[in-house]
């Protein structure tokens, strides 16, 4: 048992060095609220459109990790929804409406740089004690036909109702009224993830309620849960960042890591055992046919859609996954502290001291959960660019 606990402590040390202070989450929340307050102010040109601002991505899931470099930026992804209909307005107009207010917000708040227009969003760069890239995505509600379609595809209604239609400069009918906007459901995905996280956070939730930090379960934000699922995703994201530090062109996107990690998660009793199982089982949730990596709240969306246009995305995923599996296996089973230290140094670039690790004489590999899902074994790596 001591050996498992010592190895466990190595992983906990890694997570503690990756995690961000609670104050960073609070600052992100304050900045989102500041933007919403601006959009609702009396002089706002969009106040009558009932603008609502909410976070998406890692700040919503509680899986943010520190940048590799101390002066790096954190990505704060926000959604702004307007009470408009696809049948009466264009993507271009929705994007313009938000842009007018984001530009005036940047002037009023004395940002150093003007907002940048991206394909789908507006980007604001905060540069103070915590640097943020704030990507602000304009959206309108999905129509009833889309919602019914999702429900027919077995998406729970309480998740499907959060689907939105988003703007994209690359859409062929960006400047015209049309019904087939690109869709997204960041709030539905977040609720799907949070359901999995909260399911295994009973004791943590109970302690937070008993300490009167929060009055109800519903008030507890995901970043307070500190579940092994969240920690595992943080560990995998950091390993990804280091592996692709010199060239992130083909790095797996965080949505792929989060989706596969969540589907593979089946608690075994320790962070170490859970990490080993998740990493081993991740590929079993990649399908042979489209969608390869299905969005759980929109089965028609493929998070691995780029794999079809450029095989290097898939090759790079499996190259990285093999290295991650090797490093995790070594941490879990090796009796050589120097090898463990080298693996952590090369795989995570963190100052984690494993000198307290005691070699084991009788230690077996953590039990691996089996899965009935097919294991995808891609063909061997091919020359880049072919």
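Numbering (the numbering used here), first residue to last: 3 to 388. From the three backbone atoms N, C-alpha and C, an ideal C-beta is built for every residue, glycine too. Just so we're clear, the structure is a prediction, and the values are computed from it rather than from any experiment.
With DSSP as the reference, identify every bridge partner of residue i, one or two as the case may be.
i	result
residue 141	83, 168
residue 57	80
residue 134	76, 128
residue 2	A question about residue 2 goes unanswered here, because the residues of the chain that appear run from 3 up to 388.
residue 300	297
residue 118	125
residue 1	The chain is shown only over 3 to 388; residue 1 falls outside these bounds and no answer can be derived.
Nearest CA to the CA of residue i: which residue from the options?
i	options	result
residue 186	298, 273, 243	298
residue 90	180, 25, 157, 41	180
residue 302	247, 257, 155, 222	155
residue 193	119, 175, 290, 59	59
residue 81	100, 255, 204	100
residue 75	52, 131, 340	131
residue 161	335, 196, 69, 309	196
residue 310	93, 323, 289	289
residue 170	97, 114, 230	97
residue 291	284, 304, 281, 279	304
residue 254	271, 213, 285, 230	285
residue 322	245, 133, 45, 114	245
residue 45	163, 338, 106	106
residue 73	48, 24, 250, 134	134
Exposed or buried, which one is residue i when buried takes at least 16 other CB atoms within 10 Å?
i	result
residue 22	buried
residue 364	Model confidence at residue 364 stands at a pLDDT of 34, short of 50, so the residue's coordinates are unreliable and nothing is read from them.
residue 152	buried
residue 355	exposed
residue 13	buried
residue 159	exposed
residue 9	buried
residue 55	buried
residue 104	buried
residue 215	exposed
residue 147	exposed
residue 205	exposed
residue 117	buried
residue 374	Unreliable placement is indicated for residue 374, whose pLDDT of 39 sits below 50; the coordinate value is still reported in the next sentence. Residue 374 comes out exposed.
residue 353	exposed
residue 112	exposed
residue 201	exposed
residue 318	buried
residue 174	exposed
residue 33	buried
residue 50	exposed
Taking Cβ to Cβ, would you say residue i is nearer than 8 Å to residue j?
i	j	result
residue 172	residue 121	yes
residue 149	residue 241	no
residue 61	residue 110	no
residue 315	residue 252	yes
residue 233	residue 17	yes
residue 348	residue 333	no
residue 183	residue 168	yes
residue 239	residue 256	yes
residue 306	residue 259	no
residue 357	residue 267	no
residue 243	residue 70	yes
residue 53	residue 38	yes
residue 94	residue 176	yes
residue 343	residue 20	no
residue 230	residue 293	no
Flag residue i as yes when its Cβ comes closer than 7 Å to any non-hydrogen atom of the ligand ATP, and as no otherwise.
i	result
residue 350	Among the components modelled here there is no ligand, and therefore nothing to report on the ligand ATP.
Inset, instruction - Determine, using beta-carbon pairs with one atom in the stretch 132 to 146 and one in the stretch 79 to 93, whether at least three such pairs fall under 8 Å. - result: yes
Legend entry - Sufficient close CB pairs (3 or more, under 8 Å) joining the stretch 249 to 266 to the stretch 126 to 141: no
Inset, instruction - Decide if the stretch 274 to 284 is in contact with the stretch 207 to 222; the criterion is three or more beta carbon pairs, one per stretch, under 8 Å apart. - result: no
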